[in-house]
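Residue numbers (this note's numbering): 1027 to 1296. Heads up, the thing below is written out as structure tokens.
Structural data, given as structure tokens:
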């Protein structure tokens, strides 16, 4: 019996790998925004179908890992042996969309069922994988890919100067560059606020960690000469983190109200 359970779980490994290649095929063939939308819908359908068939969140975890771990391993390889390879932020966005949509149905079921559905173990390993994978992807995007060491280190401590320059020169710079540098710096940090809120339940610790992380990034970029240390980057990154934390707190509040409980969390790890 136990042996059959493990065999059934192994069968979901190729589904995750196939989904990985389908996601990147879609993003290569279609417009970015249309591709992201299709990936969101496709991965949600796959995640929903797997959970409905097995009613075991671990299978969604398996597919989540296999749908992106191949590329994460490739990132590690290229950062060591092919340091001049460029990685666009689109890859991180695809990772986030796929990660979120594969597991969305499981979270919806938890929201509806409450204590009847225990996802503590599943959530624990999901968070561990996300932290490791996202750290690898973001580290390479921020410090390695396409970032040669600068001969002169730069730092900007004037709030909103860089943001206003982008907004006032949208026509010259290009709308895509403006979106990537402003909206991208917010969106890419939203998941960090969400995950930190899950792992750390104390509010003051949440805020402290969310402040330290973007500050640490700017300090590392200055020391290594891999980017301009800019207070506007901190403002945008921290804004994204706060959005993620606020969304999490809002979901938890609605969850407790729905199930009429004063103590307890929807996203709890034991």
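Quick reminder that beta carbons are idealized off the backbone N, C-alpha and C, glycines included.
Inter-residue Cα distance where the pair is residue i and residue j
i, j, result
"residue 1234", "residue 1037", "42 Å"
"residue 1269", "residue 1277", "12 Å"
"residue 1117", "residue 1296", "32 Å"
"residue 1077", "residue 1183", "49 Å"
"residue 1103", "residue 1042", "21 Å"
"residue 1141", "residue 1267", "28 Å"
"residue 1119", "residue 1205", "13 Å"
"residue 1060", "residue 1128", "18 Å"
"residue 1254", "residue 1086", "39 Å"
"residue 1231", "residue 1055", "43 Å"
"residue 1203", "residue 1289", "45 Å"
Helix, strand or coil at residue i according to DSSP, with G and I counted as helix
i, result
"residue 1259", "helix"
"residue 1288", "coil"
"residue 1182", "strand"
"residue 1252", "coil"
"residue 1193", "helix"
"residue 977", "The first residue shown for the chain is 1027 and the last is 1296, placing residue 977 beyond what the model contains."
"residue 1031", "Note on residue 1031: pLDDT 48, under 50, position unreliable in the model; the coordinate value appears next. Residue 1031 falls in the helix class under three-state DSSP."
"residue 1085", "helix"
"residue 1293", "coil"
"residue 1227", "coil"
"residue 1038", "coil"
"residue 1124", "helix"
"residue 1143", "coil"
Residue range of the unbroken alpha helix (DSSP H) whose run includes residue i
i, result
"residue 1067", "1058 to 1080"
"residue 1169", "It is not in any alpha helix (DSSP H) - residue 1169 carries neither H nor E in the DSSP assignment."
"residue 1146", "1146 to 1165"
Task: Cβ contact check for the stretch 1118 to 1134 and the stretch 1084 to 1100: 3 or more pairs under 8 Å - done: Yes, since at least three Cβ pairs between the stretch 1118 to 1134 and the stretch 1084 to 1100 fall closer than 8 Å, the two stretches touch.
Task: Meets three-Cβ-pair contact criterion under 8 Å: the stretch 1201 to 1211 and the stretch 1279 to 1290 - done: no
Open item on the list: Any contact between the stretch 1152 to 1159 and the stretch 1177 to 1194? By contact I mean 3 or more CB pairs, one from each, below 8 Å.
Closed with: no
- [ ] Tell me, please, whether the stretch 1243 to 1251 touches the stretch 1213 to 1227 by the rule of three or more beta-carbon pairs shorter than 8 Å.
- [x] Three or more beta-carbon pairs separated by less than 8 Å are not found between the stretch 1243 to 1251 and the stretch 1213 to 1227, which leaves the two stretches without contact.
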